[in-house]
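Note sheet for the following structure.
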Amino acid sequence: MTETKIKIEGMMCGHCQASATKAISSVGGVSAVKVSLADKEATVTYEPKKTSVDAIKAAIVEAGYQA
Ligand SMILES: [Cu+2]
Numbered sequence: 042m043t044e045t046k047i048k049i050e051g052m053m054c055g056h057c058q059a060s061a062t063k064a065i066s067s068v069g070g071v072s073a074v075k076v077s078l079a080d081k082e083a084t085v086t087y088e089p090k091k092t093s094v095d096a097i098k099a100a101i102v103e104a105g106y107q108a
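Sequential numbering from 42 applies to the sequence shown in the numbering used here.
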């Protein structure tokens, strides 16, 4: 397992935070995610053999935010 921090721009409220959390956790291989609205940052634990930072960022962008 690898833990990484990913900057997220465009989150304005708790709903955005929840949407981003849901988008990241839906990526296969992600085992834990904590999104901080104040820090504009997601702390993601994932299995490097199953997914990548690029794939996680793509999911964030797909949800409507900038990663
Ligand atoms: Cu919002």
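Where a beta carbon is used, it is the ideal one built from N, C-alpha and C, also for glycine. In this text, all values refer to a predicted model and were calculated from it rather than measured experimentally.
| message | Here's the rule I'm using: 16 or more other beta-carbon atoms within 10 Å means buried, otherwise exposed. How should M42 be labelled? | response | exposed
| Residues sharing a beta bridge with K110, DSSP | Examination of residue 110 is not possible in this model, given that the chain is present from 42 through 108 alone.
| Whole-angstrom Cβ separation of S72 and T86, contact assumed at under 8 Å? | 5 Å
| message | Taking 7 Å as the threshold (C-beta atoms), are T92 and V16 in contact? | response | Nothing about residue 16 can be reported from this structure: the residues present for the chain run from 42 to 108 only.
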